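Some notes on the structure that comes next.
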Amino acid sequence: MTAGLGTAGQRRAKGAGRRDRRGDPSRGWLAKTAALARKDLIVEARGRDTLPPMMAFALTVTVLLAFTLPDGARVDAQVGSSAGSAPIADVLAGFLWVTVLFAGLIGFARTFEVERDEGAIDVLLLAPLDRSGIYLAKAVANSVFILGVQAVLLPAFAVLFSVRLGLGLVGVVILADVGLVAIGTLFASLAAQTRSRELLLPLLAFPALVPVFIAAVELTSDLFSGSRLDTVASRGWFGILIAFDIVFSVIGALAFEYVVE
Amino acid sequence: MITVEGLQVVFGRTVALSSLDLTLQPGVTGVFGPNGSGKSTLLRVLAGLLEPTAGRALLEGAPMRASDERFRARVGYAGHQPGLYARLTVRENLELFATLHGVGAGRVDEALEGLGLVPHAGTHAGALSAGFKRRAAVARASLHEPDVLLLDEPYANLDDDAAELVSAVIMRWRGQGRVALVATHGAKRVKAYASGSLILQGGRAVSHRARAPAEATT
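Here the protein sequences come in this chain order: A and B.
Under our numbering, think of the first position of the first sequence as 1, with each following residue one higher.
Under our numbering, think of the first position of the second sequence as 1, with each following residue one higher.
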């Protein structure tokens, strides 16, 4: 068969064979990134070290919060004192995103734990893959974990607080998650290099997450209180969320290389 | 060829490497010395994982830095820790690194066979004995047939048969222009095939000899 290729064909075949043995590291950024993300998900599926603690935390906090609200409270009711009151939809939106934020931090803090075992971080950093690929792979895995938590948390909110779940809320959740994960993954890589990473991560991440958090709470509050999606969209919070998602994702991908060096 | 110029590494008050000047010709150089002599530190610097306090290491004139993607493609490193994912099987570990290095699946089978890992290919790396982890680490480091191979104690925890397999892999890997440093306490094994030797003590090179390639055991 090789003879039929002629001299140029033989050279090409020989070159391909050499690449197969020595590799062609410049190709396949996406395939390499996907392989790393898949690795993190397989490791989690086998070890269950990250998602169950995140879910347990989120559900425990939600049940405890349910006890703090007045009996029979509805999303259109008001809670507060004589000094002031707030619609309960605002309070629930705050509950939801504070719970997601803290559950997310549990997961983000473990972002590089799998690499700490057996010294895999050194060989990962020696892989001929642009650092942005490692960052994206970690962000994808973190997104799956946080979406997994929300897949349990949102139905729990619907049952406990009678909030309506719709496509608008799904859109808000996805947009907010992009910002949370972009920042959380970046600061997790920074905190992972320190001994007090569990303490350092919230201190670093919280200030940066404030814009995403506020936008997510505002949008969720509007949706919980029954506003139409076009009315919610007209208030501009979607634009702010998308803008921060883009800025944080670009900063995360660019800064990651300098953080891990 | 690797050139090391005025290399110094200081951790706090501890001088790990001091004013090291070396030229490492293609071939295998055994790095010997007592504990704390700077063997592992030298290998980490050459892998680009550790920034020296002073001096530099050059591969064919270019700085050896892990921040350089082209350099990363040319280096294979197995440190004290095996660098494997404990919850992936040995095969999955090698397949992952094969993908990262753009190497075909055929090399994974070769690496497993070469180091006698075929019966353990489906075992989670975390469940392997220390000796098998060491073999898997050598398989991972040499998988993409790097131009620079840096092995830190590749014979640790290995029985004689396994040590022979590791030596065979290193000897098969040798080729034109390729440079390997093998840090070990088992000088006898490495001297059997090495083309050079470097003895470190207290972070300084007390002896550096290079044999002509023909003198080295083939």
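Note that beta-carbon positions come from the ideal geometry of N, C-alpha and C, so glycine has one too.
Just so we're clear, the structure is a prediction, and the values are computed from it rather than from any experiment.
From which residue to which residue does the alpha helix (DSSP H) around residue i run?
i: D152 (chain B); result: Taken as a continuous stretch (DSSP letters only), D152 (chain B) belongs to no alpha helix (DSSP H), being part of the beta strand (DSSP E) at 148-152.
i: T41 (chain B); result: 39-46
i: E164 (chain B); result: 160-173
i: D21 (chain B); result: Element bounds for D21 (chain B): not the alpha helix (DSSP H) but the beta strand (DSSP E), 14-24.
i: L69 (chain A); result: Taken as a continuous stretch (DSSP letters only), L69 (chain A) belongs to no alpha helix (DSSP H), as it is neither H nor E.
i: H32 (chain B); result: Residue 32 (chain B) is actually Phe in this sequence, not His. Premise fails: F32 (chain B) lies in the beta strand (DSSP E), 27-32, not in any alpha helix (DSSP H).
i: A137 (chain B); result: 130-142
i: D122 (chain A); result: 120-125
i: V163 (chain A); result: V163 (chain A) -> no alpha helix (DSSP H), and no H or E assigned at all.
i: R116 (chain A); result: 113-116
i: A156 (chain B); result: It is not in any alpha helix (DSSP H) - A156 (chain B) carries neither H nor E in the DSSP assignment.
i: A187 (chain B); result: 187-191
Consult DSSP for residue i and reduce its assignment to one of helix, strand or coil.
i: Y304 (chain A); result: Any question about residue 304 (chain A) goes unanswered here, given that chain A covers just 1 to 261.
i: A103 (chain A); result: helix
i: S82 (chain A); result: Reliability fails at S82 (chain A), whose pLDDT of 47 lies under 50, so the model's placement of it is uncertain and no value is given.
i: S264 (chain A); result: Not covered by the structure: residue 264 (chain A). The range shown for chain A is 1 to 261.
i: S207 (chain B); result: strand
i: E44 (chain A); result: helix
i: Y135 (chain A); result: helix
i: Q150 (chain A); result: helix
i: A141 (chain A); result: helix
i: L203 (chain A); result: helix
i: A233 (chain A); result: helix
i: V10 (chain B); result: strand
i: L36 (chain A); result: helix
i: S196 (chain A); result: coil
i: P270 (chain A); result: A query on residue 270 (chain A) cannot be resolved here, the shown segment of chain A reaching from 1 to 261 and no further.
i: A109 (chain A); result: helix
i: G36 (chain B); result: coil
i: G179 (chain A); result: helix
i: A208 (chain A); result: helix
Select from the options the residue whose C-alpha is nearest the C-alpha of residue i.
i: K53 (chain A); options: A:G148, A:A35, A:G184; result: Per the sequence shown, residue 53 (chain A) should be read as Pro rather than Lys. Cα-wise, what sits closest to P53 (chain A) is A:G148.
i: G171 (chain A); options: A:I106, A:A216, A:L186; result: A:A216
i: R116 (chain A); options: B:D109, B:R87, B:K39; result: B:R87
i: A127 (chain A); options: B:T184, B:V182, B:G102; result: B:G102
i: T41 (chain B); options: B:L58, B:A16, B:G55, B:I199; result: B:A16
i: A162 (chain B); options: B:A192, B:A205, B:G114; result: B:G114
i: F248 (chain A); options: A:D49, A:P211, A:A233; result: A:P211
i: H185 (chain B); options: B:V9, B:G38, B:G48, B:I2; result: B:G38
i: V166 (chain B); options: B:V148, B:A136, B:N35; result: B:A136
i: E60 (chain B); options: B:P154, B:G6, B:H120, B:V179; result: B:V179
i: R195 (chain A); options: A:A35, A:G47, A:A109, A:E218; result: A:A109
i: A35 (chain A); options: A:S227, A:G94, A:A141; result: A:A141
i: A208 (chain A); options: A:A188, A:D222, A:L160; result: A:A188
Taking residue i as part of the beta strand (DSSP E), name the residues at either end of that continuous run.
i: E60 (chain B); result: Run containing E60 (chain B): none; DSSP gives neither H nor E here.
Can you tell me which residues form a DSSP beta bridge with residue i?
i: E5 (chain B); result: B:R56
i: H124 (chain B); result: B:T89
i: L198 (chain B); result: B:V31, B:H208
i: F224 (chain A); result: F224 (chain A) pairs with nothing; no bridge assigned.
i: A58 (chain A); result: In the DSSP output, where bridge partners are listed per residue, A58 (chain A) has none listed.
i: V182 (chain B); result: B:G30, B:L151
- prompt: Mind pulling the beta strand (DSSP E) runs of 3 or more residues that sit fully within the segment 74-118 of chain B?
  reply: Complete beta strand (DSSP E) runs here, min 3: 75-78.
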